[in-house]
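The sequence shown lines up with residues 598 to 697 when you count with the numbering used here.
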Amino acid sequence: MATRRRQEKARAEAAALAAAFAHPLRLEILQRLLSGPCCVGDVVCECGAEQPTISRNLGLLLEAGLVTKEADGKRRVYTIAQRDRVLRVLGALGLEPEAG
598 MATRRRQEKA RAEAAALAAA FAHPLRLEIL QRLLSGPCCV GDVVCECGAE
648 QPTISRNLGL LLEAGLVTKE ADGKRRVYTI AQRDRVLRVL GALGLEPEAG
């Protein structure tokens, strides 16, 4: 029974992780962050989406554990938390890190 619960938990975690990758903007944000840390404003300039949209998607990536956030004065700087995992998934999807 404990094994079944572990498997159910692992599947739920995998589904949540897959959901974090399941949006073109989040994939673009992850590609951008692979070239180095940046703040929301930098991502807005590079991705072309509105700031609230970028912030919401960064929040989802943060909840999924794929990025971290640190305060730098008034700015919030985001960094890839699970670089190897992000690279593997992007590679499996046929995507590469953006040149930065």
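Note that beta-carbon positions come from the ideal geometry of N, C-alpha and C, so glycine has one too.
Exercise. Quick one: what does DSSP say Lys671 is sitting in, helix, strand or coil?
Worked result: To locate residue 671, count along the sequence shown from 1; it is residue 74. For Lys671, the secondary structure class from DSSP, reduced to helix, strand or coil, is coil.
For this session: Measure the Cβ-Cβ separation of Val637 and Ile651 and say whether it is below 7 angstroms.
Result: Taking the first residue of the sequence shown as 1, we reach residue 637 at position 40. Taking the first residue of the sequence shown as 1, we reach residue 651 at position 54. Against a cut-off of 7 angstroms, the Cβ pair of Ile651 and Val637 comes out as a contact.
Exercise. Whole alpha helix (DSSP H) runs in the region 644 to 692 with 4 or more residues, listed along the chain?
Worked result: DSSP runs (the alpha helix (DSSP H)) wholly in the region 644 to 692: 648 to 660, 680 to 689.
For this session: May I have the straight-line CA-CA distance separating Ala646 from Thr665, to the nearest angstrom?
Result: Locating residue 646 in the sequence shown gives position 49, where the first residue counts as 1. Locating residue 665 in the sequence shown gives position 68, where the first residue counts as 1. The alpha-carbon of Ala646 is positioned some 20 angstroms away from that of Thr665.
Problem set entry | Touching by the beta-carbon criterion (3+ pairs, under 8 angstroms), the region 664 to 684 and the region 600 to 613 | Touching, no, given that fewer than three Cβ pairs across the two stretches are closer than 8 angstroms.
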